[in-house]
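Asks: A single structure is presented below for examination.
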Amino acid sequence: MSKKVVIPGELISAERKRLGSNVFVSNGKIYSKVLGISEEGGEKASVVPLEGRYPPQQDDVVIGVVTRAIFAGYNININSFVESFIPKSAIRDDLKVGDLVSAKVEYVNELREADLGFARRLYGGEVIEVTPVRTPRLIGKGGSMLELLKQGTGCDIIIGKNGRVWARNGNTELLKKVVLFINDNSFKSNLTNSVEEFFKAEGIPVSAPKRDADRVNNFVEESEVIVNDLEESELLN
60 MSKKVVIPGE
70 LISAERKRLG
80 SNVFVSNGKI
90 YSKVLGISEE
100 GGEKASVVPL
110 EGRYPPQQDD
120 VVIGVVTRAI
130 FAGYNININS
140 FVESFIPKSA
150 IRDDLKVGDL
160 VSAKVEYVNE
170 LREADLGFAR
180 RLYGGEVIEV
190 TPVRTPRLIG
200 KGGSMLELLK
210 QGTGCDIIIG
220 KNGRVWARNG
230 NTELLKKVVL
240 FINDNSFKSN
250 LTNSVEEFFK
260 AEGIPVSAPK
270 RDADRVNNFV
280 EESEVIVNDL
290 EESELLN
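Residue numbers (this note's numbering): 60 to 296.
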């Protein structure tokens with residue numbers, strides 16, 4: 060079956076088929092209700108919506124879950140429209156279904172199917188789900204918000220651009236509260252001050268780190284720095 064991106068009201072099939080999700084029938088023909096990806100062929104007509112999912116971007120760091128192991132590599136759920144793929148050559152660990160990995164998006168096609176590389180298995184820890192488009196507020200300018208989160212919770216943290224935050228050690232329960240607070244208030248100004256007050260209300264005095272101009276202006280890819288902040292041995296044990 061082939062896939063294609065469709066818009067609301069676009070014809071999916073003029074043939075009679077079993078109706079799946081996000082489609083409707085008009086005059087005997089099947090149309091899409093949403094912006095999404097449809098599969099052509101088969102006995103069922105359905106559309107996977109694009110809204111609310113993570114649109115993969117090249118060089119993004121993501122946190123994924125192994126959904127299937129095949130001969131050439133692994134299928135990975137990265138909270139996107141379709142599953143991504145990691146070749147076995149891109150990771151030194153043997154993975155199994157359910158394992159967590161961090162990886163970098165290396166290639167994205169027109170259907171937003173992504174190939175991943177530079178993958179590492181994440182041992183232990185917890186995953187917090189947030190809205191993907193709001194992850195920049197969890198990182199902050201020059202990584203300032205991330206440093207504040209580490210300072211206030213003592214956690215090792217990786218923030219995936221796909222709306223998943225991996226955390227281990229420290230006060231993960233407090234981190235969950237703060238991360239969800241940031242997610243719910245990401246549209247507000249002076250968010251760093253609000254987070255400082257949040258920690259103080261929990262009895263933890265913190266202050267946002269001072270960043271010099273060169274550090275902020277030359278801050279390489281935020282999510283890449285997040286991964287590199289953790290020693291490799293910490294990720295793999």
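Think of the CB as a built atom: it goes at the ideal place given N, C-alpha and C, for glycine as much as any other residue. These numbers come from a predicted model, not from an experiment.
May I ask you to list the residues that DSSP assigns as paired with residue 215?
Replies: Beta-bridge pairing links residue 215 to 227.
Asks: Can you give the Cα-Cα distance for residue 70 and residue 80, rounded to whole angstroms?
Replies: Each residue's Cα considered, the two are about 15 Å apart.
Asks: Nearest to residue 108 by alpha carbon, out of 67, 197 and 192?
Replies: Nearest C-alpha to residue 108: 67.
Asks: Check this for me: beta carbons of residue 133 and residue 159, under 8 Å apart or not?
Replies: No; because the gap between Cβ atoms is not below 8 Å, this pair is not in contact.
Asks: Where do the ends of the alpha helix (DSSP H) carrying residue 195 lie?
Replies: Here the alpha helix (DSSP H) through residue 195 covers 194-198.
Asks: For residue 220, which option in 173, 192, 111 and 244 has the closest C-alpha, if you only look at C-alpha atoms?
Replies: The shortest C-alpha separation from residue 220 is found at 192.
Asks: Roughly how many angstroms lie between the CA atoms of residue 177 and residue 118, to the nearest whole one?
Replies: Rounded to whole angstroms, residue 177 to residue 118 spans 10 Å at the Cα level.
Asks: Based on the DSSP secondary-structure assignment, which residues constitute the bridge partners of residue 174?
Replies: The partner list for residue 174 (beta bridge, DSSP) reads 144 and 166.
Asks: Using 7 Å as the cut-off, classify the Cβ of residue 121 as near or not near the heavy atoms of the ligand HEM, replying yes or no.
Replies: Among the components modelled here there is no ligand, and therefore nothing to report on the ligand HEM.
Asks: Beta-carbon within less than 6 Å of residue 263's beta-carbon, same chain only, minus the 5 sequence neighbours each way: which residues are those?
Replies: Counting only Cβ-Cβ distances below 6 Å, and skipping sequence neighbours, we find 211.
Asks: Just grab the DSSP bridge partners of residue 64 for me.
Replies: For residue 64, which the question treats as bridged, DSSP gives the partners 96.
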